[in-house]
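What follows is a set of notes on a single structure, which appears directly below.
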Amino acid sequence: MSETLEYDVSAEVRGVMTPGRLKLSDQQIVFKNSKTGKVEQIASEEIDLINSQKFVGSWGLRIFTKNGHLHRFVGFKDGENEKLAAFIKKSYNQDLVEKEMCVKGWNWGTARFLGSVLSFDKDSKTIFEVPLPHVSQCMTGKNEVTLEFHQNDDAPVGLMEMRFHIPSVESAEDDPVETFQSNVMKKASVISASGDAIAIFPDIHCLTPRGHYDIKIFPTFFQLHGKTFDYKIPMNSVLRLFLLPHKDNRQMFFVLSLDPPIKQGQTRYHYLVYLFGPEEETSIELPFSEQELKEKYDGKIEKELSGPLYEVMGKVMKVLIGRKITGCGNFVGHSGTPALGCSFKADKGSLYPLERGFIYLHKPPIHIRFEEIASVNFARSGGSTRSFDFEITLKNGTVHTFCSIEKEEYSKLFDFITQKKLHVSNMGKDKGGYKDVDFGDSDNENEPDAYLARVKAEAREKESEEDDEGSEEESTDEDFKPNENESDVAEEYDSNAQSDSDEDSDASGAGSPDKHSGDEKNIKNTKRKKGKARK
Numbered sequence: 001m002s003e004t005l006e007y008d009v010s011a012e013v014r015g016v017m018t019p020g021r022l023k024l025s026d027q028q029i030v031f032k033n034s035k036t037g038k039v040e041q042i043a044s045e046e047i048d049l050i051n052s053q054k055f056v057g058s059w060g061l062r063i064f065t066k067n068g069h070l071h072r073f074v075g076f077k078d079g080e081n082e083k084l085a086a087f088i089k090k091s092y093n094q095d096l097v098e099k100e101m102c103v104k105g106w107n108w109g110t111a112r113f114l115g116s117v118l119s120f121d122k123d124s125k126t127i128f129e130v131p132l133p134h135v136s137q138c139m140t141g142k143n144e145v146t147l148e149f150h151q152n153d154d155a156p157v158g159l160m161e162m163r164f165h166i167p168s169v170e171s172a173e174d175d176p177v178e179t180f181q182s183n184v185m186k187k188a189s190v191i192s193a194s195g196d197a198i199a200i201f202p203d204i205h206c207l208t209p210r211g212h213y214d215i216k217i218f219p220t221f222f223q224l225h226g227k228t229f230d231y232k233i234p235m236n237s238v239l240r241l242f243l244l245p246h247k248d249n250r251q252m253f254f255v256l257s258l259d260p261p262i263k264q265g266q267t268r269y270h271y272l273v274y275l276f277g278p279e280e281e282t283s284i285e286l287p288f289s290e291q292e293l294k295e296k297y298d299g300k301i302e303k304e305l306s307g308p309l310y311e312v313m314g315k316v317m318k319v320l321i322g323r324k325i326t327g328c329g330n331f332v333g334h335s336g337t338p339a340l341g342c343s344f345k346a347d348k349g350s351l352y353p354l355e356r357g358f359i360y361l362h363k364p365p366i367h368i369r370f371e372e373i374a375s376v377n378f379a380r381s382g383g384s385t386r387s388f389d390f391e392i393t394l395k396n397g398t399v400h401t402f403c404s405i406e407k408e409e410y411s412k413l414f415d416f417i418t419q420k421k422l423h424v425s426n427m428g429k430d431k432g433g434y435k436d437v438d439f440g441d442s443d444n445e446n447e448p449d450a451y452l453a454r455v456k457a458e459a460r461e462k463e464s465e466e467d468d469e470g471s472e473e474e475s476t477d478e479d480f481k482p483n484e485n486e487s488d489v490a491e492e493y494d495s496n497a498q499s500d501s502d503e504d505s506d507a508s509g510a511g512s513p514d515k516h517s518g519d520e521k522n523i524k525n526t527k528r529k530k531g532k533a534r535k
């Protein structure tokens, strides 16, 4: 069995150090993003160079691949250096050499293009490196080149642009500014609709962002063209694909999870949600020969496709993006569908229990992986016996509450939770476990309700405690008899003093100014008012 090393470190993702799990084996290096669940793999034969770099309080790995991509991982402890260096030497035949940085603060040097990285160096030391796939635009001016960058919403501070001044050289055959821009544009993530689209799907109903869009699919990106907005989305920004049936068992949802999200003003859309009707069908012919389809896509897609619109579009997206389509799992609710009707905040939608998580559609779309979940909780929906709430608490402390799920779905959902071994936070509060709590599995409202009985019992205990406190106050009033002989003051203030012993004692106490302090008068008057209110 081959040796493996695993570390909890962070990877650089568009300027943000994102935590995850790094696993090194003889065959590959795998990093799993803790936030998105995205898995990034680097095969051992693709590794060209591995360096170590010092950071504040820790050190990191700089992995450069043969196709020119740069990967950086940060968060290793000092004691792990020798063990990791020996493993890298044995498994990848690479020496773990430290990458020294120039710290003199100079702002001039030599720009070198190495694969998809722009390295700005002074002599043999690097001042900084720019991964060119992070560049969104490159513009030129007189002796100047400006780089603009894709922004990460998780970054508290982000680099918007960077400008390079390039002195003119009279003896140069080519313009150095144009040469610089050309080298940047070869590897930059700049989307331009050059060439013809592979497939076009007109007038697709989109729930998020709302509207009807023409979808044009190109080799490296796809375009959403609407009446008001136009989006160009790179293929590598798609994390997951979902194809889910509507609760009516007729319509279909096709969902794309995006990272980074698309932007519309100040709104961010992390999901694209399309809705297809049962009667929508299409037929397309891809602009490739059979040989090209076999070479480019390993024969996974045919030249001519026809059938339901969601099937054709899903297959084209699946092959071109290179992601699997996640469908419904084995869960079937009481209604015979894989969806649970519920509401999230003020909007109604459907919750889908999947094989590896939950997804809620459609406003707002929420995808929750099982590995993100700390616990789940079942609760009565506002005291109603007709429905219940389902709460999901994530490991980061976020709580998602899905309300008003029909009572008949409880046993099905509980069995699903038990099968997936998710922790139920309110398990065991009743005798025999929470499974025995009756959420109204039958239509007979007269059957005993264990949850309601528990609430009533707690209310009775609270009332008994209040009664005990009241009896203590009354006993105090009866024991306190400063002067039983003087009753003229009581007769003056209370015409029915003889029929009310409590008020008589209070009034007699009020008529003894020379034997009691002002504070005692206030106390007795307060108790007199309590006695009247109690009666």
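According to full-length UniProt numbering, the sequence shown is numbered sequentially starting from 1. All residues carry an ideal CB built from backbone N, CA and C; glycine is no exception.
Query - Pair within 9 Å by beta-carbon distance, Val145 and Val190 - result: no
Query raised in the report: Can you list the alpha helix (DSSP H) stretches of 4 or more residues lying completely in the segment 171 to 227, in chain order?
Result: 176 to 187
Query raised in the report: Okay, do the segment 1 to 18 and the segment 94 to 104 touch, 3+ Cβ pairs below 8 Å being the bar?
Result: no
Report task. Please determine, among Thr18, Pro260 and Gly141, the residue with the shortest C-alpha to C-alpha distance to His71. Result -> Thr18
Query raised in the report: So which of Val135, Asp175, Val177 and Glu178 has the shortest CA-CA distance to Met160?
Result: Val135
Requested in this report: Let me know the secondary structure DSSP gives Glu98 once reduced to three states.
Outcome: strand
**Report entry** Three or more C-beta pairs below 8 Å linking the segment 299 to 306 and the segment 335 to 347
**Finding:** no
**Report entry** Extent of the continuous alpha helix (DSSP H) run through Ile88
**Finding:** Ile88 -> alpha helix (DSSP H) spans Asn81 to Tyr92.
Query - Residues that Ile63 bridges to, as DSSP identifies them - result: Partner(s): Ile50 and His71.
Report task. With DSSP collapsed to three states, give me the class of Leu243. Result -> strand
Query raised in the report: Where DSSP assigns a beta bridge to Val9, which residues make up the other side?
Result: Gly20
Query raised in the report: Would you call the CB atoms of Ile127 and Trp106 closer than 9 Å?
Result: In contact: Ile127 and Trp106 (Cβ atoms closer than 9 Å).
Query raised in the report: Between which two residues does the beta strand (DSSP E) carrying Ile368 extend?
Result: Ile366 to Arg369
Query raised in the report: Can you name, in chain order, every residue of its own chain whose Cβ lies under 6 Å from the Cβ of Phe242, other than the five neighbours on each side?
Result: Val255 and Thr326
Query raised in the report: Does the distance from the C-beta atom of Leu244 to that of Pro338 stay below 9 Å?
Result: yes
Query raised in the report: If you scan the segment 96 to 149 from start to end, which runs of the beta strand (DSSP E) of 3 or more residues do you find wholly inside it?
Result: 110 to 114, 117 to 122, 125 to 131, 135 to 141 and 144 to 149
Query - 9 Å Cβ cutoff met for Ser425 and Cys403 - result: Ser425 places its beta carbon 9 Å or farther from that of Cys403.
Report task. Put Lys77 into one of helix, strand or coil per three-state DSSP. Result -> Assigned with DSSP and collapsed to three states, Lys77 falls in coil, not helix or strand.
Query - Host alpha helix (DSSP H) of Gln251 (start-end) - result: No alpha helix (DSSP H) holds Gln251; DSSP gives it neither H nor E.
Query raised in the report: Taking the alpha carbon of Val319 as the point to measure from, which residue in Ser335, Gly333, Asn330 and Tyr297 has its own alpha carbon closest?
Result: Tyr297
**Report entry** Sequence-distant residues of the same chain with beta carbon closer than 7 Å to Phe221, five excluded per side
**Finding:** In the same chain as Phe221, and ignoring 5 residues on each side of it, the C-beta atoms closer than 7 Å to its own belong to Ile191, Lys232, Ile233, Pro234 and Met235, in chain order.
Query raised in the report: Can Val132 and Phe253 be called in contact, C-beta distance under 9 Å?
Result: Per the sequence shown, the amino acid found at residue 132 is Leu instead of Val. No, the pair does not count as a contact, with Cβ atoms beyond the cut-off.
Query raised in the report: By the 10 Å Cβ neighbour count, where 16 or more other Cβ atoms means buried, how is Glu283 classified, buried or exposed?
Result: The question names Glu, but residue 283 in the sequence shown is Ser. Exposed is the call here.
Report task. Ignore the nearest five residues each way along the sequence and tell me which others in Asn51's own chain have a CB closer than 7 Å to its CB. Result -> Result list for Asn51: Arg62, Val97, Glu98 and Lys99, in chain order.
Query raised in the report: When burial is assigned at 16 or more other CB atoms within 10 Å of the CB, is Arg112 buried or exposed?
Result: exposed
Report task. Check Phe388 in the structure and name its three-state DSSP category. Result -> It is a strand residue.
Query raised in the report: For Ser517, which residues from the same chain have a beta carbon less than 7 Å from its beta carbon, with the 5 sequence-adjacent residues on both sides left out?
Result: For Ser517, the predicted model reports a pLDDT of 45, less than 50, meaning its position is unreliable; a value from the coordinates is still stated below. For Ser517, there are no CB contacts under 7 Å within the same chain when 5 residues up- and downstream are skipped.
Query raised in the report: Less than 9 Å separating the beta-carbons of Lys227 and His205?
Result: Taking 9 Å as the Cβ cut-off, Lys227 and His205 do not qualify as a contacting pair.
Query raised in the report: Ends of the alpha helix (DSSP H) at Asp415?
Result: Tyr410 to Gln419
Query raised in the report: When DSSP labels each residue in this structure, what does Gly307 get in the three-state scheme?
Result: strand
**Report entry** Nearest residue (CA-CA) to Ala11, options Phe31, Ser350 and Ala188
**Finding:** Phe31
Requested in this report: Note down the Cα distance separating residue 540 from Arg323, rounded to an integer number of angstroms.
Outcome: Any property of residue 540 remains undetermined from this structure, which presents the chain solely from 1 to 535.
Requested in this report: Please report the residue range of the alpha helix (DSSP H) in which Gln41 lies.
Outcome: That residue, Gln41, is in no alpha helix (DSSP H); its beta strand (DSSP E) goes Val39 to Ala43.
Query - DSSP-derived helix/strand/coil call for Gln291 - result: helix
Query raised in the report: Between which two residues does the beta strand (DSSP E) harbouring Asp347 extend?
Result: Looking at the DSSP string, the run of the beta strand (DSSP E) that includes Asp347 is Asp347 to Pro353.
**Report entry** Where the beta strand (DSSP E) through Thr267 begins and ends
**Finding:** Thr267 to Phe276
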